[in-house]
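Undergrad:
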Amino acid sequence: MGRYTGPKHKLARREGVNLLDKTSASLQRRLNLTPGVHGAKRKKQKSEYGLQLREKQKLKAIYGLYEKQLQKVMATVQKQKGDTGELLLSLLETRLDNLVYRLGFANSRFQSRQFVSHGHVVVNDKKVNIPSYYVRVGDVIALSSKMQKNVSVVKIIEEKTEVLPFLEKKGTLGKLSRMPKRDDIIVPFSTQLIVEYYSR
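Now the structure itself:
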């Protein structure tokens, strides 16, 4: 199954999580309702597999991943030593598209993915147009000179000044200062259930 490209509000309701940065009050009220005409009434107990599957779908929706991309990430972290759930988050958080979003250079991961794909992002002064590119500790991320002059982008950057503990930001420059840890990030899904899903 490919990446979902339909209405973001519909996907947010299906997964029960906010996938948008600026959410309307109406969506916030509806997030806990199951999609469909009888959403408020239709609520049945999920099996263990169903719970694992739902958590996996949440992760894919939040980070904008295809199934094959997530499978590849899981295959990588399962070979490494350490807490698989924490390694999973660490790898997802160091994707270039995610860091452009986390640094406040874009309003959403969807927008940051577009910036990267269209060649508007540079890493260590070199243009990188691959959203899944993994940033290394010490790498410096910046928007292209063209995007730095874009009025709407400048406004986005000015509005978000605080960044997560593993990042550093100064104006239109960002840096991955260390690898992310589980305690750095609040995520609306269970990494344990996702690890269990791929360990079947």
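In terms of this note's numbering, the sequence shown is residues -14 to 185.
We put the beta carbon where it would ideally sit given N, CA and C, even for glycine.
For residue 43 and residue 173, what's the separation of their Cα atoms in angstroms?
TA: Their backbone Cα atoms lie some 8 Å apart in a straight line.
Undergrad: Since residue 41 and residue 182 are thought to touch, with beta carbons under 8 Å apart, how far apart are those beta carbons, to the nearest angstrom?
TA: So it is a contact: roughly 5 Å between Cβ atoms.
Undergrad: Figure out for me which residue from 31, 111 and 119 has the closest Cα to the Cα of residue 129.
TA: Out of 31, 111 and 119, 111 has the C-alpha closest to the C-alpha of residue 129.
Undergrad: Taking the beta carbon of residue 78 as the centre, do at least 16 other beta carbons fall within 10 Å, making it buried, or is it exposed?
TA: Residue 78 comes out buried.
Undergrad: Name the two residues that bound the continuous alpha helix (DSSP H) containing residue 186.
TA: Nothing can be reported for residue 186, as the shown portion of the chain is limited to -14 through 185.
Undergrad: Count the other CB atoms within 10 Å of the CB of residue 160; is the residue buried (16 or more) or exposed (fewer)?
TA: So residue 160 counts as buried.
Undergrad: Starting from residue 161, follow the beta strand (DSSP E) in both directions and report where the run begins and ends.
TA: Its beta strand (DSSP E) spans residues 158 to 161.
Undergrad: Going by beta carbon distance, what residues of the same chain come within less than 8 Å of residue 113, once the five residues before and after it are set aside?
TA: Contacts found: 81, 101, 106 and 107.
Undergrad: Classify residue 62: buried if its beta carbon has 16 or more other beta carbons within 10 angstroms, exposed otherwise.
TA: Flag for residue 62 reads buried.
Undergrad: Short of 7 Å in beta carbon distance, which residues of its chain neighbour residue 169, apart from the five on each side in sequence? Order them along the chain.
TA: So the qualifying residues of the chain are 149, 150 and 151.
Undergrad: Sorted by chain position, which residues of the same chain lie with C-beta nearer than 7 Å to residue 142's C-beta, five sequence neighbours on each side aside?
TA: Correct list, in chain order: 89, 90 and 157.
Undergrad: By a C-beta neighbour count over all protein chains shown, 10 Å radius and 16 as the cutoff for buried, is residue 163 buried or exposed?
TA: That one is exposed.
Undergrad: For residue 182, does the three-state DSSP call read helix, strand or coil?
TA: Looking at residue 182 - three-state DSSP - the assignment turns out to be helix.
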